[in-house]
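Numbering (my numbering), first residue to last: 414 to 626. By construction, the Cβ of each residue, glycine as well, lies at the ideal position given by its N, Cα and C atoms. Okay, structure first, notes after.
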């Protein structure tokens, strides 16, 4: 299914891509389709572009098709109404949102109350809104070195807030490729995938509940 989806998108065959995803969702849960069909396809598209095997136009078409499909899914997955409020978004300067969209979908399917904040979050504005809205968790993503450096600054400020402060989690491809970057980060590394991040969120909330937070 992953290979069929990749080939359909690289050939601009949108109807074929739609059929592949329809088949995938008929056979497997959303989380399995995300982790084993959509994510590998997105990674392969990016890798081929970096190797100059496909054009920018082809990469943009394929990537945006997948992002639009995930955004459509996010809109129809019921959001939680009670319990801890979770914010999910991208680090300052970060525009790759595949992982955070998947994470939002998975968290909603797990029953959590989620707000997707989008790409390229401004640091100072995020800090101000955090003080006003007091989310229970803030989960942020970075894919490259520059956005990882910006994320380091943001996470450092968030964990220094006066209680009740949010739990701060982070992830993204750069932390999988260069795991040593995690050593300089404040907050909790959520794992190598959106599926692992959901498990980490469940554990973090359980720990906070036991501590009476």
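Just to confirm, are residue i and residue j a CB contact at a threshold of 9 Å?
i           : j           : result
residue 467 : residue 456 : no
residue 585 : residue 512 : yes
residue 529 : residue 502 : yes
residue 514 : residue 618 : no
residue 437 : residue 414 : yes
residue 625 : residue 601 : no
residue 552 : residue 505 : no
residue 469 : residue 418 : no
How far does the alpha helix (DSSP H) with residue i in it reach, from first residue to last?
i           : result
residue 445 : 443–446
residue 486 : 469–489
residue 652 : Given a span of 414 to 626 for the chain in the structure shown, any question on residue 652 remains unanswerable.
Considering only C-alpha positions, which residue in the set the options is nearest to residue i?
i           : options               : result
residue 493 : 417, 517, 579 and 577 : 517
residue 510 : 452, 423, 442 and 558 : 452
residue 621 : 593, 559, 580 and 590 : 580
residue 490 : 500, 464 and 527      : 527
residue 596 : 454, 578 and 569      : 569
Near residue i, what residues of its chain come up, given a Cβ to Cβ distance below 7 Å and the 5 sequence neighbours on each side ignored?
i           : result
residue 448 : 606 and 608
residue 431 : none
residue 484 : 514
Kindly indicate the opening and closing residues of the beta strand (DSSP E) around residue i.
i           : result
residue 595 : Taken as a continuous stretch (DSSP letters only), residue 595 belongs to no beta strand (DSSP E), as it is neither H nor E.
residue 554 : 550–554
residue 526 : 526–531
Looking only at its own chain, which residues have a Cβ that is under 6 Å from the Cβ of residue i, when we skip the five neighbours before and after it?
i           : result
residue 532 : 503, 508 and 510
residue 555 : 504, 507, 561, 564, 585 and 587
The segment 532–550 touching the segment 568–577, judged by at least three CB pairs closer than 8 Å: Taking a cut-off of 8 Å on C-beta distances, the segment 532–550 touches the segment 568–577, as three or more cross pairs fall below it.
Cβ contact (3+ pairs, closer than 8 Å) linking the segment 467–476 and the segment 435–443: No: fewer than three Cβ pairs fall under 8 Å.
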